[in-house]
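Heads up: the sequence lines are chains A and B, in that order. Positions in the first sequence are counted from 1; adding 21 to them yields the working numbering. Positions in the second sequence are counted from 1; adding 216 to them yields the working numbering. We put the CB at the ideal spot given by N, CA and C, even for glycine. First up is the structure itself, then whatever we jot down about it.
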Amino acid sequence: MTRSFILSAGIGDPALADPAMAAQFVTAAEAAGVDLLMLGRHDSLPFDPQVIAAWAAPRVSRLGLVPLVSSRIAHPFHVARALSAVDYLSGGLLGWCPVAQGGSAAQLADLVRATRALWDGWDDDCLIIDKASGRYLDTTKVRPSNYVGTHYAVRGPVNAMRPKQGHPVLVCDAASPFAVPGLDVVIAAEGQAFPAAARRLLRVDAGADLAAMAARFEAGEIDGLHIDLTNPAAELARIGKALAPLTQGRPSAGTLRERLGLPLSLRNIHEEIA
Amino acid sequence: MPRPIHLWAFLQGIGHYPSGWRHPGAEPEGVFTMDYYARVGRLVEKGRFDAIVFGDQLQSRGVRGRTPEHLAMPTLDPMALLTAIASVTQHVGLVNTLSTTYWSPEGLAERFATMDRMSGGRAGWNIVTTAHPDTAPNFGDEELPEKSQRYKMAAQTVAQAQAIWRERNAALGPSPQARPVFVQAGQSGDGRDFAASIAEAIFCSAPTIEEGIAFRNDMRARVAAAGRDPDAVRIMPGLSFILAETEAAAIAKDQAILDLADEALCIEYLSESLNCDLTGFDPAGPIPVDHILSQTCFPKADIGRALEKPAAIGLPLGKFASGYVRTPRGHNVFRGTASQLANMMIQWVEAGACDGFTLQPAYMPGELEIFVEEVVPILQAAGALRTEYPGSTLRETMGLPRWPADMAA
Ligand SMILES: Cc1cc2nc3c(=O)[nH]c(=O)nc-3n(C[C@H](O)[C@H](O)[C@H](O)COP(=O)(O)O)c2cc1C
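As structure tokens, this is what we get:
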């Protein structure tokens, strides 16, 4: 199987909460072949990224939406519900990037574990929805999570469906690291340690020599690039052009997990891998 | 000219009736797809509604970890659904239910500020304090705070959120409405006083026109006593409806939907309402009163009183459960023709029983489509419902001043 280049871009500018600007950015990101649009930056969250992800959901056809989720204000019960909904509304194109914003890495890891435990309270195939028999779901496929961690205790079952992808794609920014098994994507700058993850993206700024960076993908050192945008519309057009040889011809159908070749069977991932 | 009628669509899951999802006009799979919400958003906008409201609860469904098999669950997070609808509509307001007991002021302030921006000023907040004791364990707590304590916390949380919005608006430029429209549905003394102090729209249940008038008069007096203008508050009682060509056909249609509530559904529904799993009991056997009282987390005295009579006459469990599903829970249920419904609505508003209605379609989207196609044109022809939206923000749509007084710096 040929390796597929992964392109990630991030916006932390308050302009992302202006719908006219956000519409431009989403369109430009999709046109540039971006796989992961990070909504917010670990050090800049002047809006609620989960709300922006919900707003963008009906506007994307292949672009993955990755809201930053801050453990400063998030609670796993609310996170599990909101992300489940956006994963359905976007047709399975959701990721999430938990960040501590000054809180502890231990709390951040606990937020991730608790949220996954709530999602795992529901099996993928629990729905029946048969009008004739009157059976809506199979109750043996839903159970309380009874999660008790270092910072959160949540009983469940969460009153929301398991996300369309099972778990949305889990992204870790090495600038706000947390230790959980089963990381899907990690973003780290030159010289920063890469936590263990299925895919490794190198953080570069928009002015970097992208062709040279791309050579490191060919050499197998990295799986793609992450670019923090400062002037999104203009930079996206340029990045799209510069990286076209790597981004064109990649699969465009399916969920984000399917497209990025990430694990699809995720039941109790935290227990199996731990 | 009749007084203008405000319409709100109160949606949660696949409709107001527990058996509504089995109706041929219901689309239960739709609740997991964007297409469904886009259609519903456009439909409500076509009907010139003020807003869509999603109800929401934070307790786990079912009882003690057993999720019902016959009730249309799960539903999805309303903030996400409403914001996605905002993305594909222009005018309709989007009212999100959110708990002051289980959200931090910072978290909810950020959520609504972003929603108000992304929707171009169409965000509203149905402020609830969360009444279900089973919510607490989902947030690491043993017990729900008692009601007067919850309303005290609610007032504090709202005040803190207001301070955050003022700060954010000053730093980033104001969001289009400065803050979401405040909506509340308190019924108790504490609840009504809280609503009177802040709400711009109030939900209630009013099964009869007399009860509507009494509630509206009471609330207007409380609003005035709180030093606010009663004309700046919209009173919006719940209204479920079953429409057909004739009244007899509507009654038959209602019966047919209720008949879709089979015994298994009714027992699960009763189990949730009593907070006691009754699915293992023989439907032909007696109501297990002692078991229910030993299990439930609701006030035992109230439940004991409700069960006393049916138990005394020896009503079997299954029959009791079926009867329970068929008794409307406080909300007005209209059964009749489109013109009868339009006349009733105009009459209620003229009599001062309300300023509009919080419509709760029995099943979705079929029954709401019938309302928009058939009742809306009659209300418009009578001059009781707008034919165009007056502006772009929810406050403009509700006929209220755009900037709330409390948001001045
Ligand atoms: C039309 C209507 C809709 C309501 N929706 C919700 C809801 O979605 N979530 C919730 O927790 N409570 C909801 N409530 C409950 C109210 O917030 C309130 O708790 C209830 O009316 C009882 O009043 P009290 O709190 O003063 O006792 C609703 C009430 C009404 C009348």
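Boundaries of the beta strand (DSSP E) in which residue i is found, first to last residue
i	result
residue 419 of chain B	417-420
residue 456 of chain B	450-459
residue 243 of chain A	Segment: none, residue 243 of chain A is in no beta strand (DSSP E) and carries neither H nor E.
residue 587 of chain B	No beta strand (DSSP E) contains residue 587 of chain B, which DSSP labels as neither H nor E.
residue 483 of chain B	Run containing residue 483 of chain B: none in the beta strand (DSSP E); it sits in the alpha helix (DSSP H), 479-490.
residue 151 of chain A	148-151
residue 167 of chain A	Residue 167 of chain A -> no beta strand (DSSP E), and no H or E assigned at all.
residue 327 of chain B	Segment 321-334 is the alpha helix (DSSP H) holding residue 327 of chain B; no beta strand (DSSP E) there.
residue 563 of chain B	Not the beta strand (DSSP E): residue 563 of chain B falls in the alpha helix (DSSP H), residues 554-566.
residue 157 of chain A	156-158
Cβ-heavy atom distance, residue i to ligand 1, below 7 Å
i	result
residue 273 of chain B	yes
residue 363 of chain B	yes
residue 570 of chain B	no
residue 404 of chain B	yes
residue 215 of chain A	no
residue 420 of chain B	yes
residue 501 of chain B	no
residue 574 of chain B	yes
residue 465 of chain B	no
residue 559 of chain B	no
residue 352 of chain B	no
residue 344 of chain B	yes
residue 347 of chain B	yes
residue 401 of chain B	yes
residue 313 of chain B	yes
residue 309 of chain B	no
residue 226 of chain B	yes
residue 428 of chain B	no
residue 454 of chain B	yes
C-beta contact flag for residue i and residue j at 8 Å
i	j	result
residue 495 of chain B	residue 489 of chain B	no
residue 182 of chain A	residue 298 of chain B	no
residue 382 of chain B	residue 416 of chain B	no
residue 551 of chain B	residue 445 of chain B	no
residue 94 of chain A	residue 38 of chain A	no
residue 199 of chain A	residue 133 of chain A	yes
residue 175 of chain B	residue 394 of chain B	Nothing can be reported for residue 175 of chain B: it is not among the residues displayed for chain B, which extend from 217 to 625.
residue 579 of chain B	residue 234 of chain B	no
residue 227 of chain A	residue 173 of chain A	no
residue 340 of chain B	residue 392 of chain B	no
residue 261 of chain B	residue 308 of chain B	yes
residue 497 of chain B	residue 533 of chain B	yes
residue 435 of chain B	residue 414 of chain B	no
residue 316 of chain B	residue 351 of chain B	no
residue 398 of chain B	residue 575 of chain B	no
residue 588 of chain B	residue 557 of chain B	no
Element boundaries [alpha helix (DSSP H), containing residue i]
i	result
residue 539 of chain B	533-542
residue 59 of chain A	Here residue 59 of chain A belongs to no alpha helix (DSSP H); instead the beta strand (DSSP E) covers 57-60.
residue 547 of chain B	Where residue 547 of chain B is concerned, there is no enclosing alpha helix (DSSP H), given that its DSSP letter is neither H nor E.
residue 35 of chain A	Unbroken run through residue 35 of chain A: none, as it is neither H nor E.
residue 378 of chain B	363-388
residue 208 of chain A	Careful: residue 208 of chain A lies outside any alpha helix (DSSP H), inside the beta strand (DSSP E) at 206-210.
residue 511 of chain B	505-511
Proximal chain A residues relative to residue i, where beta-carbon distance stays under 9 Å
i	result
residue 511 of chain B	Neighbours of residue 511 of chain B on chain A: none; closest Cβ ~16 Å, over 9 Å.
Under 7 Å by beta carbon: chain B residues contacting residue i
i	result
residue 79 of chain A	250, 254, 300, 303, 304
Chain B residues whose Cβ lies nearer than 8 Å to that of residue i
i	result
residue 65 of chain A	Neighbours of residue 65 of chain A on chain B: none; closest Cβ ~12 Å, over 8 Å.
residue 164 of chain A	281
residue 46 of chain A	Simply none; closest approach about 13 Å.
Residue i: contacting residues in chain A (beta-carbon distance under 7 Å)
i	result
residue 282 of chain B	160
residue 185 of chain B	Residue 185 of chain B falls outside the range modelled here, since chain B spans only 217 to 625, and no answer is possible.
residue 286 of chain B	155, 156, 157
residue 292 of chain B	105, 106, 109, 181, 182
Residue i: contacting residues in chain A (beta-carbon distance under 8 Å)
i	result
residue 441 of chain B	The premise fails here: residue 441 of chain B is roughly 35 Å from chain A at the closest Cβ pair, so nothing lies under 8 Å.
residue 480 of chain B	155
residue 619 of chain B	Per Cβ cutoff of 8 Å: no residues; residue 619 of chain B is ~19 Å from chain A at best.
residue 326 of chain B	68, 69, 94
Contacts of residue i in chain B (Cβ-Cβ under 9 Å)
i	result
residue 32 of chain A	Within 9 Å Cβ-Cβ: nothing; residue 32 of chain A doesn't reach chain B, min ~14 Å.
residue 76 of chain A	299, 300, 302, 303, 330, 331, 334, 335
residue 133 of chain A	The premise fails here: residue 133 of chain A is roughly 16 Å from chain B at the closest Cβ pair, so nothing lies under 9 Å.
residue 188 of chain A	What residue 188 of chain A touches in chain B: nothing, since even the nearest Cβ is about 16 Å away.
CB contact check: residue i to chain E, cutoff 8 Å
i	result
residue 354 of chain B	Given the protein chain composition of this structure (A and B), no chain E is represented.
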